[in-house]
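Residues 75 to 453 (my numbering) make up the sequence shown, in order. Just so you know, even glycine gets a beta-carbon here, dropped at the ideal spot from N, CA and C. Written out below as structure tokens is the structure these notes cover.
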Amino acid sequence: MELWQQEWKDRITRRAELERFLELTPEERAWFDRYEPGGWKADPAFLAPFLPFALTRSWLGRMGRQPDDPLRIQTVPRIAEARQLPCESSDPLFEAVHSPLPGLVHRYEDRVLFYAGRQCGLYCRYCFRRHLTADPEATGQPFAEPGVSDSIGRSICDRAREASQYLKGHREVKELLLSGGDPLTLPDETLTALIEIFRAARGDLIIRIGSRMPVVLPSRITSPLARLLGTYAPIYMIIQVNHPRELSPEVVEALQRLGRAGIPLLNQSVFLRGVNDSEGVLRDLSSSLLAAGVIPYYLFQGDLVAGTGHLRAPLSKGISIMRALRQRLSGLATPRYAVDLPGGGGKIVVPLDPPPRLDGGNYHLTDPQGREFSYPAEG
Ligand SMILES: *Cc1c(COP(=O)(O)O)cnc(C)c1O
Ligand code: SF4
Numbered sequence: 075m076e077l078w079q080q081e082w083k084d085r086i087t088r089r090a091e092l093e094r095f096l097e098l099t100p101e102e103r104a105w106f107d108r109y110e111p112g113g114w115k116a117d118p119a120f121l122a123p124f125l126p127f128a129l130t131r132s133w134l135g136r137m138g139r140q141p142d143d144p145l146r147i148q149t150v151p152r153i154a155e156a157r158q159l160p161c162e163s164s165d166p167l168f169e170a171v172h173s174p175l176p177g178l179v180h181r182y183e184d185r186v187l188f189y190a191g192r193q194c195g196l197y198c199r200y201c202f203r204r205h206l207t208a209d210p211e212a213t214g215q216p217f218a219e220p221g222v223s224d225s226i227g228r229s230i231c232d233r234a235r236e237a238s239q240y241l242k243g244h245r246e247v248k249e250l251l252l253s254g255g256d257p258l259t260l261p262d263e264t265l266t267a268l269i270e271i272f273r274a275a276r277g278d279l280i281i282r283i284g285s286r287m288p289v290v291l292p293s294r295i296t297s298p299l300a301r302l303l304g305t306y307a308p309i310y311m312i313i314q315v316n317h318p319r320e321l322s323p324e325v326v327e328a329l330q331r332l333g334r335a336g337i338p339l340l341n342q343s344v345f346l347r348g349v350n351d352s353e354g355v356l357r358d359l360s361s362s363l364l365a366a367g368v369i370p371y372y373l374f375q376g377d378l379v380a381g382t383g384h385l386r387a388p389l390s391k392g393i394s395i396m397r398a399l400r401q402r403l404s405g406l407a408t409p410r411y412a413v414d415l416p417g418g419g420g421k422i423v424v425p426l427d428p429p430p431r432l433d434g435g436n437y438h439l440t441d442p443q444g445r446e447f448s449y450p451a452e453g
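What follows is the structure, given as structure tokens:
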């Protein structure tokens with residue numbers, strides 16, 4: 075077993091282990107109170123899908139002990155996750171509708187997304203794929219969404235072979251996104267097999283890997299892994315950093331290993347309440363990313379996913395912060411502020427100049443086809 079695999083196995087997944095590092099707040103305790111080995115306590119008040127708990131020790135080393143610590147907010151569960159707001163659902167992006175095969179999403183003409191598994195390095199409490207990413211086996215915790223395991227539960231290489239057949243018949247697809255779940259939780263051999271299957275079917279595919287592993291478990295980025303990915307260029311990697319304090323020296327070294335191997339690095343952040351919903355934090359984040367060789371690509375408005383309302387920073391605030399940031403940051407340092415239109419409208423960049431029309435507490439946003447969607451200003 076490699077070092078990173080040992081560290082992955084040694085993640086903190088139990089309340090008692092976490093309590094050795096910090097004192098839980100009443101809201102955090104209430105979340106853990108719902109969990110008992112073998113399942114959730116039956117409770118009709120718990121409306122949102124359940125996402126397990128896991129933290130890497132590397133992440134914990136960067137996390138402050140205060141309840142409002144930006145890394146703690148992202149990763150220690152609170153009981154507010156049980157809540158579902160009227161504007162929320164478990165699949166607001168209608169990904170299921172655009173899924174020609176299990177674990178493959180073809181929503182935009184020229185790119186597809188392939189789910190490379192259901193496991194992650196740690197579980198982000200705002201995760202918008204919570205209806206399918208969380209693997210109960212990974213943490214020994216239950217997974218309370220029926221009918222999910224049979225949709226992508228088969229061998230990942232079998233699914234990749236089917237997906238590559240699909241891509242042979244769909245030449246309009248130019249980019250393949252490996253996402254999930256986190257593709258870099260797979261061992262090197264599986265990752266190699268996956269890439270080989272897709273490249274054998276379509277040598278012209280641009281591959282993008284979406285992973286939070288360089289940030290949450292930097293030891294995963296071994297020199298052999300970086301070299302391996304480098305041999306399959308062009309491969310782009312999209313990481314996810316939400317707060318500058320996530321970029322510890324070990325993380326920066328991992329990113330530099332990827333950069334030296336010829337992997338272009340981009341970042342996607344999620345706009346999160348109490349984490350990065352301020353101009354100052356977002357400015358520091360952009361400059362820290364660029365210093366680490368990473369281009370700020372997207373800042374995403376949080377999707378209207380059940381159980382994440384307490385973490386979503388409102389669209390109105392995002393618009394005003396981004397309008398101010400644009401005056402102060404270089405083009406390279408400025409991420410695109412984007413929202414995935416609920417109801418399957420797809421991703422759009424939020425217009426800032428002029429900002430979208432606001433009426434009755436909703437912004438009116440238009441998709442590329444000219445269809446209008448509304449999005450709650452304060453939701
Ligand atoms: C986000 C996303 C993509 C990639 O979109 P980009 O704007 O090119 O980053 C592709 N497919 C799906 C289903 C997505 O959600
Ligand atoms: S790494 Fe991505 S898929 Fe995994 S829990 Fe975090 S947001 Fe969800």
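By the Cβ criterion, the region 438-445 is in contact with the region 416-425, since at least three pairs of Cβ atoms, one from each stretch, lie closer than 8 Å. Contact annotation, residue 336 with residue 159: C-beta distance approximately 44 Å; criterion of less than 8 Å not satisfied. For the 9 Å CB-CB criterion, residue 161 and residue 453 form a contact.
The secondary-structure analysis by DSSP pairs residue 311 across a beta bridge with 283, 339. Closest in alpha carbon position to residue 362, among 318, 277, 176, 322, is 318.
A residue is listed when its beta-carbon falls short of 6 Å from at least one non-hydrogen atom of ligand 1; in chain order these are 179, 181, 182, 185, 187, 251, 421.
Membership of residue 278 in any beta strand (DSSP E) is not indicated, and neither H nor E is assigned to it by DSSP. For residue 259, same chain residues with a beta-carbon under 6 Å away, outside a window of 5 residues either side, are 193 in chain order. The C-alpha of residue 414 lies about 12 Å from the C-alpha of residue 372. For residue 342, same chain residues with a beta-carbon under 7 Å away, outside a window of 5 residues either side, are 312, 314, 371, 372, 374 in chain order. When Cβ pairs closer than 8 Å are counted between the two stretches, the region 76-92 is seen to touch the region 123-140, the count reaching three or more. Bridge partners of residue 369 according to DSSP: 340.
By alpha-carbon distance to residue 104, the top candidate from 154, 135, 124 is 154. Distances from the CA of residue 77 to each of 429, 262, 147, 293 were compared; the closest alpha carbon is that of 293. In the structure shown, residue 134 falls within a helical segment according to DSSP collapsed to helix, strand and coil.
Counting the other Cβ atoms within 10 Å of the Cβ of residue 257 gives 16 or more, which makes it buried. When the five nearest sequence neighbours on each side are left out, the beta carbons in the same chain lying within less than 6 Å of the beta carbon of residue 242 are those of 275, in order along the chain.
Not a single heavy atom of ligand 2 lies less than 8 Å from the C-beta of residue 374. In the structure shown, the three-state DSSP call for residue 421 is strand. Closest in C-alpha terms to residue 95, from the list 79, 136, 80, 125, comes 136.
In the DSSP secondary-structure assignment, residue 188 is bridged to 178, 252. With respect to the 9 Å criterion, residue 388 and residue 450 are classified as neighbours on the basis of their beta carbons.
For residue 412, the three-state secondary structure derived from DSSP is strand.
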